[in-house]
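Accompanying notes for the structure given below.
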Amino acid sequence: MEQLAERRMAREVDSAQDSYEEYEDDDDEDYDSQEDDEYEEDDDVRTIHNDTMTEEQRMEEGRRMFQIFAARMFEQRVLQAYREKVARERQAKLMEE
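Residue numbers (full-length UniProt numbering): 1 to 97.
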């Protein structure tokens, strides 16, 4: 289970880095004055990036987000099944005692 958690964290870090690198603009000069400003919501950042994305990039981002969602759902199912198994084993062990 620890390995699963470590892999998940590594995937999330990689995903965050990839998405940041993908959406970096070539003309950073326009945004230099805004770099220090913090956004209150993630939606603001996504809106800025979505305006400059092509349809193909949006589709790719949608696919990637769906894959992340599906992987997380699968992970949750595996984790829940593991917890149930451990609970059954503990219950059986208590019954034997």
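Beta carbons: idealized from backbone N, C-alpha and C, even for Gly.
Residues near residue i by beta carbon distance below 6 Å, same chain, minus five either side
| i | result |
| --- | --- |
| E75 | none |
Secondary structure of residue i, DSSP reduced to three states
| i | result |
| --- | --- |
| E97 | coil |
| T54 | coil |
Own chain, CB closer than 7 Å to residue i, minus 5 neighbours either side, in chain order
| i | result |
| --- | --- |
| S15 | I68 |
| R8 | E75 |
Same chain, Cβ closer than 8 Å to residue i, five either side skipped, listed in chain order
| i | result |
| --- | --- |
| D26 | Low per-residue confidence applies at D26: pLDDT is 47, beneath 50, and the placement is therefore not dependable, though the value from the model is reported in the following sentence. If we look at D26 and ignore the five residues flanking it on each side, it has no Cβ neighbours. |
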